[in-house]
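Keeping their order, the protein sequence lines are chains Z, X and F. Read in our numbering, the first sequence has 36 at position 43, and its numbers run on one by one without any break. If you count the second sequence from 1, you need to add 3 to reach our numbering. If you count the third sequence from 1, you need to add 127 to reach our numbering. A virtual CB, placed ideally from N, CA and C, is assigned to each residue, including glycine.
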Amino acid sequence: MGQFLPFSKQVLKNLFSEPATTQYPFVPREYPERTRGHVDIDKDSCILCGMCMRSCPPGAIKVDRAGKTWSINRFDCIQCGYCTEKCPKKCLSITPGYQEPGPEKFVYMVEVPYEPPKPAAKPATPTPSQS
Amino acid sequence: MGNRSVVPFGPQHPVLPEPVHLDLVLEDEKVLAAIPSIGFVHRGLESLTSKKDFNEMVYVAERICGICSFMHGMSYCMALEDIMNVEVPRRADYLRTIWGEMSRLHSHLLWLGLLADGFGFESLFMHSWRLREKILDMFEASTGGRVIFSVNTIGGVLKDMPADMLKDFVRQLDEMEKEIRETTAIFLDDYTVKSRLVDIGIISGEDAIRRGAVGPMMRASGINVDMRKNGYGAYNDIDFEVITSNKCDSYARCEVRIGEIFQSIDIIRQCVAKIPDTEINTKVTGMPNGESIIRVEQPRGEAFYHVRANGTKFLDRFRVRTPTFANIPALAQTLQGCQYSDVPLLVLTIDPCISCTER
Amino acid sequence: MQELKTDLFLIDKAELLNIIMEKKNALWRLCQICCSYPKAEDHFEITYSFANGQELANYRLIAEREEEVPSISRVYKSAIYYENEMHELWGLHVENIKQDFHDKLYRIDVETPFLEKEEKNDGE
């Protein structure tokens, strides 16, 4: 019907070959450069437009225009990378390195030094478009 | 007449990675009838269309299943591209085909491992999964994820694979092919493995059609059905033969899947040789309006997609019929008349993916 | 029978069983049954898909909210799951299913979760 003990060759090979696994906590895992670990922001080029907040499928990103902050709940983030696609300034990026587990969820907040362009706060012209 | 009894099997059972429940009607050790029931992990992902817009649904579709996640994302995008009349660049088609075949490779290696575990061959299980691990590493290097890839978008793919990466993958696959051949030879030749698989769980070709079986289950019963022959993606440029077997038993299903592993490696090689140098995605604007029906061949069989859009950003209906759902009636058929000790093995031979089934 | 698009036909309830028998005798397999409730049209649409090798044929039946549709589970055994699913998730009435799971196919608390409920507007 079949062969007897065809596995013995592999068994012998295993005895004299290196293990396939790594000694994880002692030898750290090396991630390839494309690994989607967490979302990073380049806060200097962010314009607080809120596109990432509106496109985030789990709703993990919050953008506060008035308070000038960009925040992400890394425990809700699914690392899909849709925000980085949508970002008009390409200031978001996904880099290796996963969020470590913790006892409770917390929000990672960044203060964005963005100044809205002056025309938005022009008090002199009383909205000519409406008249 | 022997002793009749009803034995509940599952939802928690050592061989079952996911919850499915079977009520087995036994006469002594022989199974007279099996009544499957599912429904422990229903998530209702189909109805998320009313909360997430059609672009975000790509990421929801990917999360239907952890094994064929790429295929789900791809077929959802294909359905919407069909509705919105988007021509996908050829390179994107090829990249999708390569990733799709890599998904098939790792799914079949995973299944071989689970099968080995099912009949108690623990070290064979570890060897299969060791090989699968390399495919996952290749996925991580090319897409950035090991399980969920998030590279599909409506209109193409988001990440490109440079030529040297593709060459490196082919080199790795060449090396792996030798090892896979050694490992799979044990499934096909070993006396103990054969004694657990040959002539167990027979389902004839006609029965398989009547029960609506799909994928390797169908092909192992001698029916030549493979959705890849429809020529979606780059498959119309690729030369491959559908693998079938006429033995109709568990061994045939194992044989078909092993044949498909080598076929996938071959398809990836052909894709890498032929891949054109074009853009990888096109810009898609506007809202979808209309409906589309897409069938793709997933590792477990034919998956059926029905997307219906109404001109707003929320879809009217997003229907997924996954292969396992179609294979459950066939499973009930194969279980009839088998020995009780073969039940775990037979449940595994349909390659059950319950989370996929219940969406 | 009226062709809506390629391989998609609109049929009446009376035609359904004829078509099913025809397909069964020609050894087509049941691919799936899909139920949907488009908001704009306000009726159920049930799509039966049959496949024979690479060929595909879809038949669409239209049913009102409280209308009963005939079961095809006596012809195609695998339809049991699809019909139970439709009944459970959408609240579609299917007459006389061969094996009725009585809303226990999926173990969920909500009744007909996929059907948008009208009571929502009342604030109840």
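Quick one: which chain X residues come within Cβ less than 9 Å of THR174 (chain F)?
-> ILE296, HIS309, ARG322
Quick one: what does DSSP say PHE19 (chain Z) is sitting in, helix, strand or coil?
-> coil
Inter-residue spacing [alpha-carbon to alpha-carbon] between ILE86 (chain X) and ILE173 (chain F) = 20 Å
Can you tell me which of the three DSSP states PRO109 (chain Z) falls into?
-> coil
When the cut-off is 8 Å and only beta carbons count, does PHE241 (chain F) lie next to chain X?
-> yes
Given 8 Å as the limit, is there contact between the stretch 328 to 342 of chain X and the stretch 195 to 214 of chain F, that is, 3 or more CB pairs closer than that?
-> yes
Tell me, please, which residues DSSP counts as bridged to CYS161 (chain F).
-> F:THR174
GLY159 (chain X), DSSP secondary structure in three states | strand
Using the C-alpha atoms, what's the distance from PHE68 (chain Z) back to VAL56 (chain Z)?
-> 17 Å
Can a CB atom of chain F be found closer than 8 Å to the CB of PRO332 (chain X)?
-> yes
For the 8 Å Cβ check, are there 3 or more pairs between the stretch 231 to 240 of chain F and the stretch 209 to 220 of chain F?
-> yes
Give the DSSP-derived three-state secondary structure of SER267 (chain X) in the structure shown.
-> helix
State the beta-bridge partners of GLN(-4) (chain Z) as determined by DSSP.
-> X:ASP193
Starting from the beta carbon of THR28 (chain Z), find every residue of chain X whose beta carbon is closer than 7 Å, and list them in chain order.
-> GLU143, GLY147
Indicate whether SER248 (chain X) and ALA211 (chain X) have their beta-carbon atoms separated by less than 8 Å.
-> no
Using the C-alpha atoms, what's the distance from LYS162 (chain X) back to ASP134 (chain F)?
-> 35 Å
Please find out if some non-hydrogen atom of the ligand GDP comes closer than 7 Å to the beta-carbon of GLY289 (chain X).
-> Absence of the ligand GDP from the depicted structure is noted, as is the absence of any ligand whatsoever, leaving it without description.
Is any beta-carbon of chain Z found at less than 8 Å from that of VAL63 (chain X)?
-> yes
For ARG256 (chain X), which of helix, strand or coil comes out of DSSP?
-> helix
DSSP state of ASN248 (chain F), grouped into three classes?
-> Annotation note: pLDDT 46 at ASN248 (chain F) (below 50); position unreliable, no value reported.
Check each residue of the stretch 207 to 218 of chain X: if its Cβ is closer than 9 Å to any Cβ of chain B, include it; give the result in chain order.
-> Given the protein chain composition of this structure (Z, X and F), no chain B is represented.
For a contact meaning CB atoms closer than 8 Å, what does ALA153 (chain F) contact in chain X?
-> Here the premise fails: no neighbours, minimum Cβ distance about 11 Å.
What's the call for HIS229 (chain F), buried or exposed, on a 16-neighbour Cβ count within 10 Å?
-> exposed
Do the CB positions of ARG99 (chain X) and MET77 (chain X) come within less than 8 Å of each other?
-> yes
VAL100 (chain Z) to ILE183 (chain X) span [Cα, whole Å] | 46 Å
Whose C-alpha, out of X:THR187, X:GLY314, X:LYS316, X:VAL287, is nearest the C-alpha of GLU90 (chain X)?
-> X:VAL287
Limits of the beta strand (DSSP E) - the one that ASN292 (chain X) falls within | 292 to 301
Under 8 Å between C-beta atoms, does TYR186 (chain F) make it to chain X?
-> no
Collapsed DSSP secondary structure at ALA36 (chain X) in the structure displayed = strand
Is it buried or exposed for SER126 (chain X), if we count other Cβ within 10 angstroms and need 16 for buried?
-> exposed
Residues in the stretch 21 to 55 of chain X having any Cβ partner in chain Z nearer than 9 Å | LYS55
Quick one: what's GLY412 (chain X) bridged to in DSSP?
-> The question about residue 412 (chain X) has no answer, for chain X in this structure spans 4 to 362.
Give the residues from the stretch 172 to 197 of chain X that approach chain Z closer than 9 Å (Cβ to any Cβ), ordered along the chain.
-> GLU185, THR186, ALA188, ILE189, LEU191, ASP192, ASP193, TYR194, THR195, VAL196, LYS197
Please say whether GLN266 (chain X) and CYS71 (chain X) have beta carbons closer to each other than 8 Å?
-> no
Between ASP192 (chain X) and PRO(-1) (chain Z), which are expected to be in contact by the criterion C-beta below 8 Å, what is the C-beta distance as a whole number of angstroms?
-> 5 Å
CB contact check: HIS109 (chain X) to chain Z, cutoff 8 Å | no
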